[in-house]
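Here's the structure, in structure tokens; my notes come after.
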Ligand SMILES: Nc1ncnc2c1ncn2[C@@H]1O[C@H](COP(=O)(O)OP(=O)(O)OP(=O)(O)O)[C@@H](O)[C@H]1O
Ligand SMILES: [Mg+2]
């Protein structure tokens, strides 16, 4: 198969009560890409990530990973297959040390079984990668928000993913931290991990994404290169307009 | 360098203490009066209940009030099979029946979070008790049962063996990657699931292992009580006690529940026959005080005190 | 046969009224203050013993006890929240942690109250006879006190419902139940409201205890059974919903009276079965969202 996508979804739909949080969305992500997912608050971005990672169940449509249907699997199976994620509202293990947080990923999330020593070594090197090696023994709950977000990335990478879902990694960070996060994302791509990310920081998205998908009221309203998205009338109407405005304040 | 020598020194001392305790408890029935042996059996029983409870509920934060159900299953197993099979087989059966009950209950209910899990497990204890009562009244036409009595040294040794095996299992769980997974579930279950932990499996298996030891403890104790009925066997106190003892001791370290259980079991032995109501009253007061002023139990208190000492 | 059915149904309604009243109190305490008050039944027991003592020693009419025991228990509940639960709330990191630690604290209260009661009133069954004259209700015979109980239970329930729906304080309580953070922002003194709720829960328990003592024997260890019934009704009716508590109470009362008619020893077992099935199928209750 020449055109097999790493991740693809067909007519992905999820209702909450009468509300269509995600409706009939077709999407794909190719190997090595950084794909951005944008849309106003409540557009259904997090819900789409939750559907991919099986945090919530998919009611109709299908999601395939490397050509294999993954909808219906449990979260831990999805993780083992090679999809890792971070959370919009950070979910570290606050009482466990930073190293233990990452170690858990190496021990349980990786598709291959690692010995304890190997897992520990890998966790340490990932902490270095994420710039957290000084804090190994600190309880994760004591870290700053920016560090907790980096920790989530390190923990996700410890599961040796092929695809990483990043849900608003930059939200709540200051400009320096945002620059750091952007650098981290390019480094992740350089490791050969495909990235699918949600972000409200438009400038960052325009810089690092190869392709952007726009959701609005649960529907996909546009898709294309950053330049195409920036030029699209529909997108500017529903989304970019207010964002640019808000960003200039 | 310095730290590692201190650590090894500490672990050598710790190992020696454990060895000495092991020997003392093994040889105890040879020279101690029967009364001491019986008292220690009761203390061991409470330690088994409490450490088992803390094995699952400590790290995961799921507050189980099911111990009395598993304990009761052990007791009734001993009562029903006691006449027909060798003692050890009966006791292991008690453990396994509890184990399977826990698998079933766990599969059904461990998706209930927080308070619902606590009240569900409590309801389970009462449901079994009432159904058993009905069964005895209307099907077998009896009320209660007699259990064959066994010498108290035998009871002591079996309970002791049970405790030692449980402690080995508990140490192993704490140190293994399984223990790490359990803690991650307590810290953030969603994150654990998305980091590859099969949360359902880990929870159910641990719940069942903890039930196994509670069941064996019940089967052993049944032989000491000689007469049982549904409300003796499925007494909700056997759910509350381990929770209190574990909270009082603190679940952060393995020795927390052990110390908590030992203290209360000792207190109970002295107070319950003479002042049963005052005992329960004191029990309640200590519970409230412990929750208010030492939420991490004795363990937390000692750690805080040590840290404070270090700084000053 | 028809007669028998009517009989059983009316019996169920009489029982259900009391169950509903007990549940309203617990529902308020858990639904708003987030305390699953496992010692709720002990407050009921205190109300019942208070009434019994007042009747036996001072010859005070049980209906007058309503306005004595109720307020006393209200103050006790209010004070309990202002001290114990408030500091637990402060020291707990999350609402989940608070629910766990407050549940344990309530277990402690259960043991404390129950054993104080045993040491002061004894462990045996007490009772008195008030309005036990038979009344003919469409052919079925009931004691007058049970009808009075039902009337008061329903009256208290409706009054309380109107209080929540119509008054300023009632609205503040409902706001706190919906969203404590937002209610705090809107100028509601949240700690005060929570303490009031806990007090009202205790008040309901007190009323229920007074009414219960008119029809049933009183015992220091009677509390837990009523607590469990209250929990079941609350789960059945949906947390924090007063109409839900009433519907749940009557449903459970009727089921209880049907099961008792068929096989008295199974009525509590039946409650647990309903409870367990409910938790598995729809933990939010019949009126829950
Ligand atoms: N578990 C849930 N139950 C009910 N409704 C939900 C649930 N999760 C999300 N929703 C609703 O679905 C819609 C989409 O939410 P979602 O979190 O996916 O938005 P989002 O695009 O991630 O927004 P944001 O930019 O604010 O993170 C929202 O209206 C939200 O209220
Ligand atoms: Mg989102």
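Chains as they are written, first to last, in the working numbering: chain B, 815 to 1063; chain C, 139 to 450; chain H, 1171 to 1459. Glycine included, C-beta positions come from ideal geometry on N, C-alpha and C.
- For chain C, the residues of the stretch 1429-1451 of chain H that bring a beta carbon within less than 8 Å of one of its beta carbons are 1433, 1435, 1436, 1438, 1439, 1442, 1443, 1445, 1446, 1449, 1450, in chain order.
- By the neighbour-count criterion, in which a residue is buried when 16 or more other Cβ atoms sit within 10 angstroms of its Cβ, residue 1200 (chain H) is buried.
- For residue 256 (chain C), the chain H residues whose Cβ falls inside 7 Å of its Cβ are 1273, in order along the chain.
- Contact with chain C is found for residue 1285 (chain H), since one of that chain's Cβ atoms lies less than 8 Å from the residue's Cβ.
- Under the three-pair Cβ rule at 8 Å, the stretch 1437-1453 of chain H counts as touching the stretch 255-270 of chain C.
- Nearest Cα to residue 1192 (chain H) within the set H:1292, H:1434, H:1417: H:1417.
- Closest in alpha carbon position to residue 829 (chain B), among B:966, B:856, B:962, B:998, is B:856.
- Contact with chain C is found for residue 1261 (chain H), since one of that chain's Cβ atoms lies less than 8 Å from the residue's Cβ.
- Taken atom to atom, the span from the alpha-carbon of residue 1430 (chain H) to that of residue 1176 (chain H) is near 14 Å.
- For residue 855 (chain B), the shortest separation between its Cβ and any heavy atom of ligand 1 lies below 7 Å.
- Against chain C, the beta carbon of residue 886 (chain B) has no neighbour under 9 Å; the closest one sits roughly 15 Å away.
- Residue 981 (chain B) has its CB nearer than 7 Å to a heavy atom of ligand 2.
- Near chain H, meaning a CB-to-CB distance below 9 Å, the residues of the stretch 407-419 of chain C are 414, 415, 416, 417, 418, 419.
- DSSP, read as helix, strand or coil, puts residue 1030 (chain B) in strand.
- Along the stretch 859-886 of chain B, going in chain order, the ones with a CB nearer than 8 Å to a CB of chain C are 867, 869.
- Going by C-alpha positions, residue 834 (chain B) is about 58 Å away from residue 1306 (chain H).
- Contact annotation, residue 290 (chain C) with residue 176 (chain C): C-beta distance approximately 5 Å; criterion of less than 8 Å satisfied.
- In terms of Cβ geometry, residue 1411 (chain H) and residue 1182 (chain H) do not form a close pair [threshold 8 Å].
- If you draw a straight line from the Cα of residue 1276 (chain H) to the Cα of residue 432 (chain C), it is about 16 Å long.
- Residue state for residue 1269 (chain H) is assigned as helix, using DSSP reduced to three classes.
- By the Cβ test, the stretch 391-398 of chain C is not in contact with the stretch 352-368 of chain C, since fewer than three Cβ pairs between them sit closer than 8 Å.
- When the five nearest sequence neighbours on each side are left out, the beta carbons in the same chain lying within less than 8 Å of the beta carbon of residue 1303 (chain H) are those of 1313, 1314, in order along the chain.
- Chain C places a beta carbon closer than 8 Å to that of residue 1270 (chain H), counting this residue as a contact.
- Residue 197 (chain C) has a beta carbon lying at 8 Å or more from every beta carbon in chain H.
- For residue 959 (chain B), the enclosing alpha helix (DSSP H) has its first and last residue at 959-972.
- Assignment of residue 907 (chain B) by DSSP, reduced to helix, strand and coil, places it in the coil class.
- Using a Cβ-Cβ cut-off of 8 Å, residue 1255 (chain H) does not count as an interface residue toward chain C, since no Cβ of chain C sits closer than that to its own.
- Assignment of residue 1312 (chain H) by DSSP, reduced to helix, strand and coil, places it in the strand class.
- The beta carbons of residue 186 (chain C) and residue 300 (chain C) sit about 6 Å from each other, so the pair counts as a contact at 8 Å.
- Contact between the stretch 328-340 of chain C and the stretch 205-225 of chain C is absent, with fewer than three C-beta pairs closer than 8 Å.
- Using a Cβ distance threshold of 8 Å, residue 1390 (chain H) and residue 1287 (chain H) count as a contacting pair.
- At a cut-off of 8 Å, the C-beta of residue 334 (chain C) has no neighbouring C-beta in chain H.
- Secondary structure at residue 1379 (chain H): helix, using DSSP grouped into helix, strand and coil.
- The C-beta of residue 1401 (chain H) comes closer than 8 Å to at least one C-beta of chain C.
- Within chain C, the residues whose beta carbon sits less than 8 Å from that of residue 919 (chain B) are 333, 334, listed in sequence order.
- Within 9 Å of the CB of residue 201 (chain C), the CB atoms of chain H belong to 1270, 1273, 1274, in sequence order along the chain.
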